[in-house]
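Numbering (full-length UniProt numbering), first residue to last: 1 to 731. C-beta atoms are modelled at their ideal positions from N, C-alpha and C, and glycine is treated no differently. What follows is a short report on a single structure.
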């Protein structure tokens with residue numbers, strides 16, 4: 001097994017992760033603008049041949065510190081390059097740098113090239129030549145925070161270059177971004193159900209050709225003649241030919257059965273001709289119908305009552321006058337609404353403002369990057385317009401009281417939420433005993449809202465049907481008052497069974513949304529777990545961690561999704577270490593860190609039991625954050641009880657503190673009592689519970705406790721022992 005890294009445009013990481021898993025990759029995990037994975041050489045070849053989303057596939061060779069050009073040169077020379085290219089072969093070097101002392105990418109690339117060439121010259125007097133277009137071996141050097149990663153670029157040229165594009169328009173859409181749009185619009189599913197694909201502003205035909213290849217099971221790399229591994233010394237030509245033969249057979253089978261259900265048009269006749277020539281090169285011209293007409297005159301093709309309308313309209317930055325763009329988007333939206341009931345639509349808008357010009361409510365919104373330009377993909381379900389809107393059933397007296405209370409809460413909170421820039425907050429917390437639930441709002445940068453409604457245990461004397469009816473009323477009222485459609489409301493319900501009331505089975509959608517808090521971004525999952533990945537009541541605790549983190553090494557125990565680590569890194573921590581026993585949460589944590597640009601060796605993720613880690617670790621930390629579960633009984637560690645075990649845990653943390661270090665300790669056990677008698681001798685303790693409760697949680701001021709602990713002046717920071725292992729987990 002070898003390690004690989006597939007790069008992709010930002011916003012495509014999760015789609016690429018799923019694609020690589022389907023291709024047989026193992027240990028798959030996202031990073032910023034790419035995905036790490038492991039596998040055999042066949043796995044890497046398949047990624048190059050079959051990935052519709054990746055930009056490049058890199059095989060790391062070495063990683064080392066490179067704060068100076070001499071260190072960079074020495075690190076590259078330490079690699080035995082004779083294993084990778086012949087002495088008379090050609091090479092090219094791509095380099096990029098961020099947050100490092102070496103900043104000039106061209107100089108960095110030159111030093112890497114010199115190190116490789118000098119190694120060959122010193123060995124036998126020969127030397128490889130440079131070929132920047134199609135070298136035998138392409139080397140990739142990535143420098144982040146003075147840490148260099150040297151990789152072979154197995155793709156050689158960007159994988160979005162499929163090999164069919166003879167001509168392109170003024171602002172071409174990259175093929176891997178087109179593939180992402182099609183997947184987000186669920187085109188494979190719609191095609192399987194007999195639907196059509198239509199692009200009313202088709203340009204050079206990228207979306208239609210990519211959609212046809214996707215439906216026909218044509219490998220996106222099948223038409224490429226050049227890959228970076230073809231001149232590599234360890235290239236397995238027999239393996240590669242077998243994969244190509246398999247791909248050709250699948251393409252032949254798929255194209256024989258492909259339906260002629262692809263329709264495109266453009267107002268520019270030259271672009272229609274360009275699309276036709278590109279379709280011929282791609283081998284799908286017989287399946288496409290291409291015409292010249294304006295996008296506002298688009299209509300469903302005869303015989304099709306469902307399908308996907310997908311398009312990449314001009315943004316104003318590339319074509320036409322920006323002032324005219326909202327009118328175009330509005331007209332397109334009206335045409336979709338009037339003529340395409342029963343279809344889906346996906347529009348890549350240049351920005352949120354242009355997206356808002358479309359007079360339709362988007363079911364989903366995704367941030368995607370078209371080159372360096374940030375765009376928003378809007379996905380719509382197009383429903384027939386009702387001539388006589390159905391009159392909503394009147395609210396019951398209790399539901400009207402709930403509505404009044406929620407509206408009052410909203411009026412009370414709104415100004416402060418806007419003033420402090422808070423996008424994720426609690427709107428309701430069992431304010432009325434009859435309506436026992438908590439309603440949390442999760443806001444996105446584009447203004448979109450999601451609701452997370454969590455049912456509390458109903459009194460035993462309340463009939464189950466009454467409780468269910470009230471819960472349905474909560475969902476309706478919350479959606480109406482906060483303006484959130486039902487598909488954006490996640491509901492967690494309790495069921496009665498042996499052992500009392502408990503939460504039932506959760507969905508397993510694997511769907512994450514990106515939300516904002518404190519100028520940072522986090523991924524939350526509203527459906528798959530009891531908790532969402534972001535504890536809203538700890539908002540001020542996280543802010544306190546950021547305040548205390550500057551210049552300190554940071555340790556996050558029971559790290560969960562590492563939101564506190566992101567805050568610490570943003571606050572200027574020297575480095576962060578996040579410890580949790582769950583591989584699922586650590587994977588989630590790595591995404592949160594990468595989403596905010598915190599990657600590399602300075603941000604460690606450790607899968608371990610907290611007490612075991614404290615026993616083994618010998619590092620010292622200036623700030624330790626401890627937020628343990630109330631109770632956990634994982635099979636991989638001893639039982640943990642926060643009331644029983646918190647003294648031992650905090651004393652063990654003291655043993656890892658640097659001089660002047662600080663511990664921030666919190667937990668959500670409402671009956672928790674800090675054992676000051678056992679801790680006062682070692683620590684000075686500040687009860688920070690009251691200041692740590694956000695204003696939108698004041699109805700439940702006991703929702704968590706928080707304490708700030710510092711070593712007493714007479715205590716050595718190196719004291720404290722760990723006698724036995726305790727469990728790791730999260731409430």
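Residue i lies in the alpha helix (DSSP H); which residues open and close that run?
{"i": "residue 59", "result": "Run containing residue 59: none in the alpha helix (DSSP H); it sits in the beta strand (DSSP E), 56-65."}
{"i": "residue 573", "result": "Looking at the DSSP string, residue 573 is not in any alpha helix (DSSP H), and its letter there is neither H nor E."}
{"i": "residue 671", "result": "Segment: none, residue 671 is in no alpha helix (DSSP H) and carries neither H nor E."}
{"i": "residue 333", "result": "325-339"}
{"i": "residue 418", "result": "397-420"}
If you reduce the DSSP assignment to three classes, tell me which class residue i lands in.
{"i": "residue 653", "result": "helix"}
{"i": "residue 383", "result": "coil"}
{"i": "residue 454", "result": "strand"}
{"i": "residue 474", "result": "helix"}
{"i": "residue 320", "result": "Because residue 320 carries a pLDDT of 45, less than 50, the predicted location of this residue cannot be relied on, and no value is offered for it."}
{"i": "residue 711", "result": "strand"}
{"i": "residue 242", "result": "helix"}
{"i": "residue 94", "result": "strand"}
{"i": "residue 498", "result": "In this prediction, residue 498 scores a pLDDT of 43, lower than 50, which makes its location untrustworthy; no coordinate-derived value is stated."}
{"i": "residue 68", "result": "coil"}
{"i": "residue 519", "result": "coil"}
{"i": "residue 236", "result": "coil"}
{"i": "residue 606", "result": "strand"}
{"i": "residue 505", "result": "Model confidence at residue 505 stands at a pLDDT of 47, short of 50, so the residue's coordinates are unreliable; what they give is reported in the following sentence. Here residue 505 sits in coil by DSSP."}
{"i": "residue 312", "result": "coil"}
{"i": "residue 598", "result": "coil"}
{"i": "residue 364", "result": "strand"}
For residue i versus residue j, is the C-beta spacing smaller than 9 Å?
{"i": "residue 52", "j": "residue 214", "result": "yes"}
{"i": "residue 689", "j": "residue 706", "result": "yes"}
{"i": "residue 732", "j": "residue 179", "result": "Residue 732 is absent from the structure shown; the chain starts at 1 and stops at 731."}
{"i": "residue 26", "j": "residue 39", "result": "yes"}
{"i": "residue 433", "j": "residue 335", "result": "no"}
{"i": "residue 82", "j": "residue 233", "result": "yes"}
{"i": "residue 75", "j": "residue 152", "result": "no"}
{"i": "residue 288", "j": "residue 260", "result": "yes"}
{"i": "residue 263", "j": "residue 208", "result": "yes"}
{"i": "residue 357", "j": "residue 325", "result": "yes"}
{"i": "residue 588", "j": "residue 533", "result": "yes"}
{"i": "residue 95", "j": "residue 109", "result": "yes"}
Give me the Cα-Cα distance between residue i and residue j, rounded to the nearest whole angstrom.
{"i": "residue 618", "j": "residue 48", "result": "42 Å"}
{"i": "residue 60", "j": "residue 4", "result": "6 Å"}
{"i": "residue 515", "j": "residue 523", "result": "6 Å"}
{"i": "residue 543", "j": "residue 518", "result": "8 Å"}
{"i": "residue 62", "j": "residue 79", "result": "7 Å"}
{"i": "residue 138", "j": "residue 342", "result": "48 Å"}
{"i": "residue 547", "j": "residue 655", "result": "23 Å"}
{"i": "residue 366", "j": "residue 425", "result": "22 Å"}
{"i": "residue 184", "j": "residue 480", "result": "27 Å"}
{"i": "residue 344", "j": "residue 312", "result": "15 Å"}
{"i": "residue 249", "j": "residue 57", "result": "24 Å"}
Tell me which residue opens and which closes the beta strand (DSSP E) that residue i is part of.
{"i": "residue 440", "result": "437-443"}
{"i": "residue 48", "result": "It is not in any beta strand (DSSP E) - residue 48 instead sits in the alpha helix (DSSP H) that spans 41-50."}
{"i": "residue 293", "result": "Element bounds for residue 293: n/a, residue is neither H nor E."}
{"i": "residue 143", "result": "137-144"}
{"i": "residue 211", "result": "Per DSSP, residue 211 belongs to no beta strand (DSSP E); it is in the alpha helix (DSSP H), 206-216."}
{"i": "residue 79", "result": "Careful: residue 79 lies outside any beta strand (DSSP E) and carries neither H nor E."}
{"i": "residue 489", "result": "489-492"}
{"i": "residue 264", "result": "262-266"}
{"i": "residue 348", "result": "344-349"}
Going by C-alpha to C-alpha distance, which of the options sits closest to residue i?
{"i": "residue 773", "options": "28, 9, 13", "result": "Outside the shown range of the chain (1 to 731) lies residue 773, about which nothing can therefore be said."}
{"i": "residue 668", "options": "658, 652, 654, 641", "result": "641"}
{"i": "residue 272", "options": "644, 205, 240, 338", "result": "205"}
{"i": "residue 622", "options": "283, 556, 396", "result": "556"}
{"i": "residue 370", "options": "174, 121, 691", "result": "174"}
{"i": "residue 735", "options": "50, 118, 549, 149", "result": "With the chain covering 1 to 731 only, the question about residue 735 has no answer from this structure."}
{"i": "residue 112", "options": "413, 130, 292, 125", "result": "130"}
{"i": "residue 539", "options": "104, 378, 375, 693", "result": "693"}
{"i": "residue 134", "options": "145, 91, 115", "result": "91"}
{"i": "residue 545", "options": "238, 292, 569", "result": "569"}
{"i": "residue 581", "options": "665, 154, 638", "result": "638"}
{"i": "residue 105", "options": "144, 678, 554", "result": "144"}
How about residue i: is its C-beta nearer than 9 Å to some C-beta of chain B?
{"i": "residue 410", "result": "Of the protein chains in this structure there is only one, and it is not chain B."}
Please find out if some non-hydrogen atom of the ligand MN comes closer than 8 Å to the beta-carbon of residue i.
{"i": "residue 666", "result": "Judged by which ligands are present, the structure shown has none, so any question about the ligand MN falls away."}
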